[in-house]
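Chains as they are written, first to last, in the numbering used here: chain D, 3 to 366; chain R, 3 to 366. Positions of the beta carbon are idealized from the N, C-alpha and C atoms, including for glycine.
Right, dumping it as structure tokens:
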């Protein structure tokens, strides 16, 4: 088994083998142009076609209608955290509403508060960030500029259930760590964004999907680079985009479309992977504890511990000998974390669960 | 000759062959870790070492003392255009001074004007952007927050002479297209920045070198992601950095350090390349015209035309048959442009000059 397939990192995640093979070839020379992808101009016809294909693949995978714009940007979610209130919570709108459900959503709401007065409408601190609210049952001030949440909390391993109704205000979701892991009712959202380095490709590119009607509220006078309209009007080519990262993202969407067969198929694979891992963890009884309470367990990130740091370290060392890497928990909560992003195979998860079982037998 | 060596693109430019070879290997698996560079965590020891090496290589190449911070960011020069006035032209400072010497510096000053009142202290429009001022002879209001200029105008092929004296106000330079092409008196500057896709590596990463004393004037309350202190305090790892682009940048600085032997050596090579091309163009007499007036001709970008669009197209077609690509002039001024970034070899320039001579003989 290729060691790349045993990468459970929560940060820049694993990429499909066929994508890596294409990428390696493209560094030498793109079959289409004879030039390395690293030397291709962002104004070339080749790159125009790549941008178009990336957008079209996303539209097709998500069933996204034309009243949403799709743009590729730099700066990660952290730049979106600042740009969203700058663009969509101008004068005439009430303070935007934020759900604080974990490490990343808290960062989003803290950054928003630096830009505009904002409000936290649900705070997971009381549950130790082990539970989540129902999006359909939150009470939201209808004057709020928007409601923001993070659909999957990568650090704590929590994942929201999709909203069943339209929210009373525009709904904005950071889907960085579960984007394209399953089908999505995009019509519930006014904006969805996701940085690449989980399911989409290498770090350095962020996808923003924005309902065009939301653009009307952008105030005049923002710096051009921080105004979503700039990126949309210039087809993601206002300034030099991260050509390489967008190229790999395109390969990943091609893989999802042609090799996996779409998001329903991807969801079935992801369900099997997470079921396999959670069932193993439960079967180990008191030897392990899972951070998230059961109803909000993430299919993408499984945060757990063997009870103390010494045992966690011992397991990581054993796993590493079998080529299993990337299990370190996030520095903010410690413990272990297995991330099951799209490119992590069922075989890799099986190897991980077997390693867990052996470890617990040896240390029982 | 490898076709990659004949890439004269002004956008993402050519990369050294040895860097491409290492990069191809790293996509498969890094020798150090056995994992693809695209799957490496930005919190790994490996990446911490890469960040340190990138910084140290830059410090050594430039002879940069500790009172300058070095950070790697996203967003290109366009984001710097907005961040610089936000950070360094707060209350208590007069309007920052901008030199409008071409396409890119104009974009910088227009973006600054959206953020803070600013002033244009020299405007190249009257010369058709064919000439530049002397940095030492400009009259600058000593109350101006800073003086900003673009050291090399990529589009027009203009390059400033280095300042011989300290400017009366902090000097900030966008060196995106001539950074690391020659030694630099860094002590003349309060800030230098450069995005990667010319001499440094693939697009998606921007280097900012900031004198630490300048950080004291950053106003409170900026969004964290737009505050230089955030990136400096977190060692360029506040949010997920563009790991791949920074890795390739590190390889490029290693190549400059070990294979080229430093910036003096690089400068000699670049001088020979640009001399060869300008001498050929001059030898062709009226058949070609060079955009820039002689004293301000750039060593990095040579903008010229065979007189009309039909001839320019004909030359590009002939050149393409010999594997010479990337000669399209910038869309804003048309014509042709040969970019002679560090990785373009003397052999490639010779091939180009020979193609020019053949073309002129055939069309005389």
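Own chain partners of residue 295(R) with C-beta closer than 6 angstroms, once the 5 adjacent residues on each side are dropped: Position 293 of the second chain, counted from the start, is the residue given in the question as residue 295(R). Excluding sequence neighbours, residue 295(R) sits near 132 and 133.
Output needed in chain order: residues of the region 44-57 of chain D with a Cβ under 7 angstroms from some Cβ in chain R. Result list: 44 and 45.
Bridge partners - residue 149(D), DSSP secondary structure assignment: By one-based count along the first chain, residue 149(D) stands at place 147. According to DSSP, which records beta bridges pairwise, residue 149(D) is partnered with 99(D) and 173(D).
Alpha carbon of residue 321(D) to alpha carbon of residue 48(R), nearest angstrom: Within the first chain, numbered from 1, the residue matching residue 321(D) stands at position 319. Within the second chain, numbered from 1, the residue matching residue 48(R) stands at position 46. Taking C-alpha positions only, residue 321(D) is separated from residue 48(R) by approximately 19 angstroms.
Can you tell me where the beta strand (DSSP E) holding residue 197(D) begins and where it ends? Translated into positions along the first chain, residue 197(D) becomes position 195. It spans 193-197 - the beta strand (DSSP E) in which residue 197(D) sits, taken as one unbroken run.
Residue from 107(R), 115(R) and 145(R) whose Cα sits closest to the Cα of residue 127(R): Counting from 1 along the second chain, the entry for residue 127(R) is found at position 125. Ranking the options by Cα distance to residue 127(R), first place goes to 107(R).
Please report the distance separating the alpha-carbon of residue 332(D) from that of residue 318(D). Reading the first chain from its first residue, position 330 is the one you call residue 332(D). Reading the first chain from its first residue, position 316 is the one you call residue 318(D). If you take the alpha carbons of residue 332(D) and residue 318(D), they lie about 14 angstroms apart.
Any beta-carbon of chain D closer than 8 angstroms to the one on residue 197(R)? Indexing the second chain from 1 puts residue 197(R) at position 195. Yes, residue 197(R) counts as interfacial toward chain D.
I'd like the list of long-range same chain contacts for residue 358(R), defined as Cβ closer than 7 angstroms, with 5 residues on each side in sequence excluded. Your numbering for residue 358(R) matches position 356 in the second chain. Answer for residue 358(R): 282 and 286, listed in chain order.
Among the candidates 65(D), 303(D), 202(D) and 58(D), whose CA atom is the shortest distance from the CA of residue 330(D)? Residue 330(D) sits at position 328 when you count from the first residue of the first chain. Measuring from the Cα of residue 330(D), the nearest candidate turns out to be 303(D).
Within the 8 angstroms Cβ cut-off, does residue 155(R) reach chain D? Translated into positions along the second chain, residue 155(R) becomes position 153. By this cut-off, residue 155(R) is not an interface position.
Quick one: what does DSSP say residue 339(D) is sitting in, helix, strand or coil? As a first step, residue 339(D) is located in the first chain; it is residue number 337 there, counting from the start. Strand, per DSSP.
Over what stretch of residues does the alpha helix (DSSP H) that includes residue 314(D) continue unbroken? On the first chain, position 312 is the one that residue 314(D) refers to. First-last of the alpha helix (DSSP H) with residue 314(D): 311-323.
9 angstroms Cβ cut-off: residues of chain D touching residue 245(R): Within the second chain, residue 245(R) is the residue found at index 243, counting from 1. Within chain D, the residues whose beta carbon sits less than 9 angstroms from that of residue 245(R) are 13, 14, 199, 204, 205 and 206, listed in sequence order.
So, at 8 angstroms on beta carbons, what are the nonlocal neighbours of residue 366(D) in its own chain, with the 5 sequence-adjacent residues on each side left out? Residue 366(D) sits at position 364 when you count from the first residue of the first chain. Closer than 8 angstroms at the Cβ level, and outside the excluded window around residue 366(D), lie 289.
If contact is defined by three or more beta carbon pairs under 8 angstroms, each pair taking one atom from either stretch, is the region 173-193 of chain R in contact with the region 141-157 of chain R? yes
For residue 375(D) versus residue 244(R), is the C-beta distance shorter than 8 angstroms? The structure shown does not extend to residue 375(D), since chain D is modelled only from 3 to 366, so the question has no answer here.
Can you tell me where the alpha helix (DSSP H) holding residue 269(D) begins and where it ends? Numbered from 1 along the first chain, position 267 holds the residue referred to as residue 269(D). Residue 269(D): member of the alpha helix (DSSP H) spanning 265-285, first to last residue.
Buried versus exposed, by CB contacts within 10 Å (16 or more), residue 130(D): What you label residue 130(D) is simply residue 128 of the first chain in a count that begins at 1. That one is exposed.
For the candidate residues 262(R), 248(R) and 43(R), whose alpha-carbon lies nearest to that of residue 2(R)? Here chain R has residues from 3 to 366 only, and residue 2(R) is not among them.
Between the C-alpha atoms of residue 202(D) and residue 64(D), what's the straight-line distance to the nearest angstrom? As a first step, residue 202(D) must be located in the first chain, where it is residue number 200. As a first step, residue 64(D) must be located in the first chain, where it is residue number 62. Using only the alpha carbons, I get a separation of about 14 angstroms.
Pick helix, strand or coil for residue 288(D), following the three-state DSSP scheme. As a first step, residue 288(D) is located in the first chain; it is residue number 286 there, counting from the start. Helix at residue 288(D).
Return the residue from the list 123(D), 90(D) and 309(D) that minimises the CA-CA distance to residue 101(D). Start at 1 with the first residue of the first chain, and residue 101(D) comes out as number 99. That would be 123(D), whose Cα lies nearest to the Cα of residue 101(D).
By Cβ distance, which residues of its chain are closer than 6 angstroms to residue 259(D), with the 5 residues on each side in sequence left out? Sequence index remark: in the first chain, residue 259(D) carries index 257 (1-based). Cβ neighbours of residue 259(D) beyond the five flanking positions: 59.
Secondary structure of residue 84(R), DSSP reduced to three states: As a first step, residue 84(R) is located in the second chain; it is residue number 82 there, counting from the start. Here residue 84(R) sits in helix by DSSP.
Across which residues does DSSP place residue 213(D) in a beta bridge pair? Position 211 of the first chain, counting from 1, holds the residue named residue 213(D). Its beta-bridge partners are 70(D).
Spatial neighbours of residue 8(R) within its chain, please: C-beta separation below 7 angstroms, excluding the five flanking residues on both sides. Position 6 of the second chain holds residue 8(R). Contacts found: 325, 326, 327, 350 and 353.
Beta-carbon contacts of residue 28(R) that lie in its chain and below 8 angstroms, excluding the five residues immediately before and after: One-based indexing of the second chain puts residue 28(R) at position 26. Closer than 8 angstroms at Cβ, skipping near neighbours: 38, 39 and 249.
Below 8 angstroms between beta carbons is the criterion; list the residues of the region 224-238 of chain R that meet it against any residue of chain D, in chain order. 224, 225, 226, 227 and 228
I believe residue 337(R) touches residue 305(R) by the beta-carbon criterion, under 8 angstroms. Please report the beta-carbon distance rounded to the nearest angstrom. As a first step, residue 337(R) must be located in the second chain, where it is residue number 335. As a first step, residue 305(R) must be located in the second chain, where it is residue number 303. Yes, they are in contact, since the Cβ atoms of residue 337(R) and residue 305(R) sit about 6 angstroms apart, within 8 angstroms.
State the Cα-Cα distance for the pair residue 16(D) and residue 178(D), rounded to the nearest angstrom. Numbered from its first residue, the first chain carries residue 16(D) at position 14. Numbered from its first residue, the first chain carries residue 178(D) at position 176. When rounded, the distance between both Cα atoms is 15 angstroms.
CB contact check: residue 5(D) to chain R, cutoff 8 angstroms: As a working mapping, residue 5(D) is identified with position 3 in the first chain. Here the model assigns residue 5(D) a pLDDT of 48, short of 50, so the residue's position is not dependable and the matter cannot be decided.
Would you tell me roughly how many angstroms separate the C-alpha atoms of residue 221(R) and residue 277(D), rounded to the nearest one? On the second chain, residue 221(R) is found 219 positions in, with the first residue counted as 1. On the first chain, residue 277(D) is found 275 positions in, with the first residue counted as 1. Looking at the two C-alpha atoms, the distance is approximately 50 angstroms.
Can you list the alpha helix (DSSP H) stretches of 4 or more residues lying completely in the region 7-41 of chain R, in chain order? 19-30
For residue 214(D), collect the residues of the same chain with a Cβ closer than 8 angstroms to its Cβ; drop the 5 residues on either side in sequence, then sort them by chain order. In the first chain, residue 214(D) corresponds to position 212, counting from 1. So the list reads 69, 70 and 71, once near-sequence residues are dropped.
In the DSSP output, what is residue 154(D) paired with across the bridge? As a first step, residue 154(D) is located in the first chain; it is residue number 152 there, counting from the start. Answer by DSSP bridge pairing, in chain order: 161(D).
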